[in-house]
Amino acid sequence: MPELVKVRPTKIELVKLKRRLSLAQRVQKIVKDRLSILTMEFLQTARDTLEAKKKLLDASSQLYRALSIAAGYHGYIAMGKELTATERDLKVAAGSRNIAGVRIPSFELTGDGKSLKGYSLADTSSWLDRAAQLSEECLKAAVELAELQRNFELLAMEINRTKRITNALEYVVIPGLQATISYLNMKFEERDREEKARLKRVKVLVARG
Amino acid sequence: MPGPLQNEAKQSPYERMLQECVRGELRIVNAGLPKNQERLSNLLNEKYPCLPCQDGSSHLFKKAELEYLASILDTDEQKALPLPMLIELGPNQAEAAVICEGTVEQKIVSRTLSMPVSCEERRIRIYKPQLALLRRKLRTTTVYVFSPKIVG
Numbered sequence: 369m370p371e372l373v374k375v376r377p378t379k380i381e382l383v384k385l386k387r388r389l390s391l392a393q394r395v396q397k398i399v400k401d402r403l404s405i406l407t408m409e410f411l412q413t414a415r416d417t418l419e420a421k422k423k424l425l426d427a428s429s430q431l432y433r434a435l436s437i438a439a440g441y442h443g444y445i446a447m448g449k450e451l452t453a454t455e456r457d458l459k460v461a462a463g464s465r466n467i468a469g470v471r472i473p474s475f476e477l478t479g480d481g482k483s484l485k486g487y488s489l490a491d492t493s494s495w496l497d498r499a500a501q502l503s504e505e506c507l508k509a510a511v512e513l514a515e516l517q518r519n520f521e522l523l524a525m526e527i528n529r530t531k532r533i534t535n536a537l538e539y540v541v542i543p544g545l546q547a548t549i550s551y552l553n554m555k556f557e558e559r560d561r562e563e564k565a566r567l568k569r570v571k572v573l574v575a576r577g
Numbered sequence: 230m231p232g233p234l235q236n237e238a239k240q241s242p243y244e245r246m247l248q249e250c251v252r253g254e255l256r257i258v259n260a261g262l263p264k265n266q267e268r269l270s271n272l273l274n275e276k277y278p279c280l281p282c283q284d285g286s287s288h289l290f291k292k293a294e295l296e297y298l299a300s301i302l303d304t305d306e307q308k309a310l311p312l313p314m315l316i317e318l319g320p321n322q323a324e325a326a327v328i329c330e331g332t333v334e335q336k337i338v339s340r341t342l343s344m345p346v347s348c349e350e351r352r353i354r355i356y357k358p359q360l361a362l363l364r365r366k367l368r369t370t371t372v373y374v375f376s377p378k379i380v381g
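First to last, the sequence lines map onto chains A and B.
For the first sequence, the positions run 369 to 577 when the working numbering is used.
For the second sequence, the positions run 230 to 381 when the working numbering is used.
The following block contains the structure:
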């Protein structure tokens with residue numbers, strides 16, 4: 369049975385309670401809408417995360433194979449020498465965006481137009497080109513996965529929080545307010561009946577003289 | 230059942246917490262909206278395309294998405310398209326509406342969903358599955374707006 373809200377049994381309190389009930393119902397509507405949007409985004413992010421993970425694993429395994437072949441062709445020392453020259457810092461643009469009140473991070477690998485191929489093309493083979501190309505794909509996939517995974521976690525936490533609020537409104541607050549309103553209504557009706565009975569009694573007494 | 234009703238001031242901490250949650254909920258749903266919209270043509274020229282939001286954060290656009298939009302539109306349309314596009318969530322939970330200024334948004338939605346859409350009263354009405362598809366392709370160039378009609 370829902371717990372009654374503790375208020376004084378007056379008409380003003382009844383009006384206040386009715387106002388609170390309508391507010392709670394409106395808020396419930398918003399929260400439910402938000403929950404449905406968050407769930408939709410969560411499912412989409414889950415699907416995308418899975419895809420990104422698969423992409424990263426595929427890219428990594430291909431890259432490993434390509435690097436092994438390149439290392440076999442050039443030798444580790446020669447390849448290491450060529451690749452040391454291509455080392456550069458990675459730039460990731462980080463920002464945020466908002467999904468129905470949840471601020472989630474957004475990352476983007478920003479290259480300055482140059483690819484990772486900074487080595488001498490004359491001294492290297494196409495195996496190394498392939499490895500460089502795959503490593504770029506791998507990096508992109510890793511950044512994408514990082515963003516998606518964080519989004520996934522944040523959305524899940526927010527869904528949990530919103531669900532608790534929805535449940536609290538649906539099963540505690542709104543039933544409590546409705547029960548209190550009906551309790552007050554019954555109390556006022558009872559008061560009216562008592563008043564009517566008292567008036568009848570007084571009338572009888574006055575008639576008797 | 231508790232006895233005669235007591236003073237409201239003696240609310241349980243649980244109820245107080247719920248009220249706080251409810252207040253917070255109302256505050257945050259639209260807090261992340263960008264303060265203003267920017268034209269696609271301007272955003273394409275920026276190094277880090279982003280817009281300030283009402284809660285002080287910044288909304289970052291993905292270049293890949295901007296380039297996708299640019300590939301659909303011609304130069305004049307790029308100048309006419311305000312971003313981010315607003316997706317209004319109305320009282321009817323089954324559908325949402327993309328708020329549009331002109332026919333550019335209609336063209337984008339139509340091309341992204343691969344189906345014809347119509348614009349009525351500056352709104353393109355779409356259903357939830359289509360919304361998911363649209364959001365998948367245009368993640369940073371669209372934002373949700375919780376319409377006051379929901380609570381009206």
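Just so it is clear, CB atoms sit at the ideal spot from N, CA and C, and this is done for glycine as well.
Check whether residue i and residue j have beta carbons under 9 angstroms apart
| i | j | result |
| --- | --- | --- |
| Leu385(A) | Ile542(A) | no |
| Val372(B) | Asn466(A) | yes |
| Leu288(B) | Pro311(B) | Residue identity differs from the one stated: residue 288(B) is His in this sequence, not Leu. Against a cut-off of 9 angstroms, the Cβ pair of Pro311(B) and His288(B) comes out as no contact. |
| Arg354(B) | Glu324(B) | yes |
| Cys348(B) | Thr332(B) | yes |
| Ile398(A) | Val258(B) | yes |
| Leu431(A) | Leu502(A) | yes |
| Ile301(B) | Arg340(B) | yes |
| Pro370(A) | Gln546(A) | yes |
| Lys423(A) | Leu513(A) | yes |
Chain B within 9 angstroms of residue i, Cβ atoms only
| i | result |
| --- | --- |
| Ala468(A) | yes |
| Gln430(A) | no |
| Gln412(A) | yes |
| Met408(A) | yes |
| Ile549(A) | no |
| Arg456(A) | no |
| Asp416(A) | yes |
| Ala420(A) | no |
| Glu461(A) | In the sequence as displayed, the identity of residue 461(A) is Ala instead of Glu. Output row for Ala461(A): interface = yes. |
| Ile445(A) | no |
Enclosing beta strand (DSSP E) for residue i [first to last residue]
| i | result |
| --- | --- |
| Pro281(B) | Cys279 to Pro281 |
| Thr198(B) | The question about residue 198(B) has no answer here: the residues shown for chain B are numbered 230 through 381. |
| Asn466(A) | Val460 to Ile467 |
| Tyr297(B) | Element bounds for Tyr297(B): not the beta strand (DSSP E) but the alpha helix (DSSP H), Lys292 to Ile301. |
| Arg352(B) | Arg352 to Tyr356 |
Residue i: contacting residues in chain B (beta-carbon distance under 9 angstroms)
| i | result |
| --- | --- |
| Ile527(A) | Under the 9 angstroms cutoff, chain B gives no residues; its nearest Cβ is about 14 angstroms from Ile527(A). |
Contact list for residue i against chain B, beta-carbon separation under 8 angstroms
| i | result |
| --- | --- |
| Gln501(A) | Under the 8 angstroms cutoff, chain B gives no residues; its nearest Cβ is about 18 angstroms from Gln501(A). |
| Ile437(A) | Per Cβ cutoff of 8 angstroms: no residues; Ile437(A) is ~30 angstroms from chain B at best. |
| Ile405(A) | Leu318 and Tyr373 |
Where residue i meets chain B, residues with beta-carbon distance less than 7 angstroms
| i | result |
| --- | --- |
| Glu476(A) | Lys291 and Lys292 |
Short CB-CB distance (under 9 angstroms) between residue i and chain A
| i | result |
| --- | --- |
| Lys264(B) | no |
| Ser300(B) | no |
| Tyr297(B) | no |
| Val333(B) | no |
| Val372(B) | yes |
| Tyr277(B) | yes |
| Leu272(B) | no |
| Leu312(B) | no |
| Pro231(B) | A caution first: Pro231(B) carries a pLDDT of 44, below 50, which makes its placement in the model too unreliable to give a value. |
| Arg352(B) | no |
| Thr269(B) | Note on identity: in this sequence residue 269(B) is Leu, with Thr being the wrong assignment. No, no contact with chain A. |
| Leu315(B) | no |
| Leu342(B) | no |
| Ala361(B) | yes |
Cross-strand partners of residue i (DSSP beta bridge)
| i | result |
| --- | --- |
| His442(A) | None, per the DSSP bridge assignment. |
| Ser287(B) | Pro281(B) |
| Val470(A) | Ile467(A) |
| Pro311(B) | Arg268(B) |
| Pro377(A) | According to DSSP, which records beta bridges pairwise, Pro377(A) is partnered with nothing at all. |
| Leu318(B) | Ala325(B) and Phe375(B) |
| Leu477(A) | Val460(A) |
| Pro263(B) | Cys282(B) |
Residue i: contacting residues in chain A (beta-carbon distance under 7 angstroms)
| i | result |
| --- | --- |
| Thr369(B) | Arg465 and Ser474 |
| Ala326(B) | By Cβ distance, chain A contributes nothing, its closest Cβ being about 13 angstroms from Ala326(B), past 7 angstroms. |
| Val338(B) | Ordered by position in chain A, no residue passes the 7 angstroms Cβ test against Val338(B), which lies about 17 angstroms from the chain. |
| Ala309(B) | In chain order: nothing, as chain A lies at least about 23 angstroms away. |
| Cys282(B) | Asn466 |
Host alpha helix (DSSP H) of residue i (start-end)
| i | result |
| --- | --- |
| Gly344(B) | Here residue 344(B) turns out to be Met, not Gly, going by the sequence shown. Here Met344(B) belongs to no alpha helix (DSSP H), and DSSP marks it neither H nor E. |
| Val570(A) | Ile542 to Arg576 |
| Glu330(B) | Looking at the DSSP string, Glu330(B) is not in any alpha helix (DSSP H), and its letter there is neither H nor E. |
| Glu275(B) | Careful: Glu275(B) lies outside any alpha helix (DSSP H) and carries neither H nor E. |
| Val258(B) | From DSSP, Val258(B) is part of no alpha helix (DSSP H); its letter is neither H nor E. |
Contacts of residue i in chain A (Cβ-Cβ under 8 angstroms)
| i | result |
| --- | --- |
| Ser286(B) | Ser464, Asn466 and Arg471 |
Proximal chain A residues relative to residue i, where beta-carbon distance stays under 9 angstroms
| i | result |
| --- | --- |
| Arg365(B) | Gln412, Arg415 and Asp416 |
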